[in-house]
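Here the structure is laid out as structure tokens; the discussion comes afterwards.
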Amino acid sequence: MMKDELVNALTKSPYESYVYSYPHKMAYRPLNPSRNLEGVWSEEKKDALFLYVHIPFCEMRCGFCNLFTTAKPKENVRAPYASIVRDHAQEVAQALGEERQFSRVAIGGGTPTQLDLGALTSVLQTIVEVMGADMKNIPCVSEMSPETVTREKLELLKNTGVDRASIGIQSFIESETQALRRPQKLSVARQALDLIGEVGFDTLNIDLIYGIAGQTDASWLFSIEEALKYNPEELYLYPLYVRPLTGLGNSKKQWEDRRLALYRLGRHRLLEEGYEQVSMRMFRKLSSSEKVSSPPIYRCQEDGMVGIGVGARSYTKDLHYCTEYAVGRKSVLGILEDYVERERASFSFADFGIALSVEEQMRRYFSLSLLSFEGFSNAHFSQRFPDSVFPFLEELKILQDLDLIYMDVDRLKLSASGMENSDVIGPWLFSKQVRHLVQEYALR
Ligand SMILES: C[S@@+](CC[C@H](N)C(=O)[O-])C[C@H]1O[C@@H](n2cnc3c(N)ncnc32)[C@H](O)[C@@H]1O
Ligand code: SF4
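Residues in the sequence shown are numbered from 0 upward in steps of one, following numbering that gives the first Met the number 0.
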């Protein structure tokens, strides 16, 4: 039965759902009663936390994007945002207590550089002064989009400790960004990349998208070659997903699905160039100057994540929570307005999320390890769950029978075929309960 389900899904399309966390956000529901954060975090290890700060603003709303963000935000939410984030951080810092230590920071969105210089300064101060993250000595990333980048903002980010600049370019061909409904000028994209190079970050990440209407093998390879000219340490190659409630989703436009062929071409080109494949989407070339976090580097399947800002998720061992989220413009605005008007004390409670049973915790650990290049180690699993028997032998056998995984020394890793089918394997590994919750979720 389980095997049939996977075989059936594999015959349809390799692009079912991008699983970068587990459980999926669409499995979150109102928490009744809401949970006090001090209690939520009291039993957690807090010496290597990951701080994520969400900025839900963009210059434009791209036709493919379903992230929690809004284009050209109205003054009533934009102006107070940085100061509300500070209030939010103060409540969370208090709940975490003095022993909190961060091993990584990510400022994402949306587009953090959409903030003006003053608001961006304020957010960075909150991260350092209120949360206590030692940004100069731990890996810190900020996302950015071409038209929001200025020298002042980049220098500010760099001088505060951001060592990884991550920019969405999507394509170096204007007709393709137009087809994505992303109003981006190629000259502006190039200027932004030049500026990032001049300011100098240890790591540059460039996002590209494949599967765009009209994209050919040659045009895809052209975008990759153009990106390589900026010597990025990392490249994310995203298969295009057309999702409900987005501009492309609403347009109902159809075109030939060439994603798998383009993935293979892109992967081949980057491996040939000396990049290693970290996951289906991520490729990297390690630079010698990369900061190593101390204590240990954050691993998504293990440590706690603290989210600040509307839409940011937080993960403890047994509770994942965030504010509500949405895709449609009206619903996003409603949630944003609620956020900036909230009583400060309410930030010390979690009221929307999902509690994780031990089985779900094990499932999270197992699936996220398997989907990353590190692979799954039984020894690590037993250390993490000393009182439990490994419950996913059937899944492992099926994946092995279908040649989707293999044993590499002491770890189970995705084979090349497993890697390109990550977006089928990920959702197949969801528990029945999470699958049901995701299916029942009413997107707005
Ligand atoms: C937060 S944005 C990156 C920073 C910035 N907001 C920008 O767009 O330049 C996240 C990235 O996810 C990718 N992405 C988002 N939605 C996608 C979709 N539906 N299909 C493929 N890639 C997607 C895009 O490559 C995008 O650059
Ligand atoms: S892709 Fe980036 S710029 Fe475009 S809407 Fe999404 S977050 Fe904003």
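Even for Gly, the Cβ is constructed at its ideal location relative to N, Cα and C.
Please read these numbers as outputs of a predicted model, since none were measured by experiment.
- Message: In this structure, how does DSSP classify A311 when only helix, strand and coil are distinguished?
- Response: coil
- Task: State the Cα-Cα distance for the pair T245 and L332, rounded to the nearest angstrom.
- Result: 15 Å
- Query: For G456, is the beta carbon positioned less than 7 Å from some heavy atom of ligand 2?
  - Reply: Nothing about residue 456 can be reported from this structure: the residues present for the chain run from 0 to 443 only.
- Could you please give me the residues that DSSP links to F101 through a beta bridge? L48
- So does L247 have its beta carbon nearer than 7 Å to some heavy atom of ligand 3? Absence of ligand 3 from the depicted structure is noted, with ligand 1 and ligand 2 being the only ligands included.
- Item | Closest residue to L119 among F67, V52 and Q432 (Cα-Cα distance) | V52
- Can you find a CB in chain B that lies within less than 8 Å of the CB of W427? Judged by its chain identifiers, the structure shown contains no chain B, having just a single protein chain.
- Task: Look at the alpha carbon of A378 and the alpha carbon of V408, and state the distance between them as a whole number of angstroms.
- Result: 12 Å
- Query: Which value, in whole angstroms, describes the spacing of the CA atoms of P22 and Y440?
  - Reply: 13 Å
- DSSP beta-bridge partners of V140: A105 and R163
- Query: Using DSSP with H/G/I as helix, E/B as strand and the rest coil, what is L70?
  - Reply: In the sequence under discussion, the amino acid at residue 70 is Ala, which differs from the Leu named in the question. Looking at A70 - three-state DSSP - the assignment turns out to be strand.
- Query: When the Cα of D402 is compared with those of V277, G108 and S414, which residue comes out closest?
  - Reply: S414
- Grab me the residues of M0's own chain with a C-beta within less than 6 Å of its C-beta, minus the 5 sequence neighbours each way, in chain order. none
- Scan the stretch 344-430 and note each continuous alpha helix (DSSP H) run of 4 residues or more that stays entirely inside, going in chain order. 357-370, 377-383, 392-400, 415-419 and 421-427
- Task: To the nearest angstrom, report how far apart L411 and A88 are at their CA atoms.
- Result: 39 Å
- Are there 16 or more other CB atoms within 10 angstroms of the CB of K152, so buried, or fewer, so exposed? buried
- Query: What's the call for A191, buried or exposed, on a 16-neighbour Cβ count within 10 Å?
  - Reply: buried
- Message: By the three-class DSSP mapping on this structure, what secondary structure does I223 have?
- Response: helix
- Message: Restricting to Cα atoms, I'd like to know which of R85, G273, I404 and E173 is closest to S421.
- Response: I404
- Query: Taking the continuous alpha helix (DSSP H) assigned at E37, which residues delimit it?
  - Reply: L36 to S41
- For V18, three-class secondary structure by DSSP: coil
- Could you please give me the residues that DSSP links to P238 through a beta bridge? Y209
- With a 10 Å radius around its C-beta and 16 neighbouring C-beta atoms as the bar for buried, classify M418 as buried or exposed. buried
- Since H267 is in the alpha helix (DSSP H), which residue starts that stretch and which ends it? R258 to E271
- Task: Output the distance between the C-alpha atoms of G107 and L355, rounded to the nearest integer angstrom.
- Result: 25 Å
- Tell me, which residues are paired with I54 by DSSP? G108
- Are the Cβ atoms of S33 and F389 separated by less than 8 Å? no
- Item | For G306, three-class secondary structure by DSSP | strand
- Evaluate contact between the stretch 271-285 and the stretch 34-50, counting only Cβ atoms and requiring at least three cross-stretch pairs below 8 Å. no
- Residues near A92 by beta carbon distance below 6 Å, same chain, minus five either side: V129 and M130
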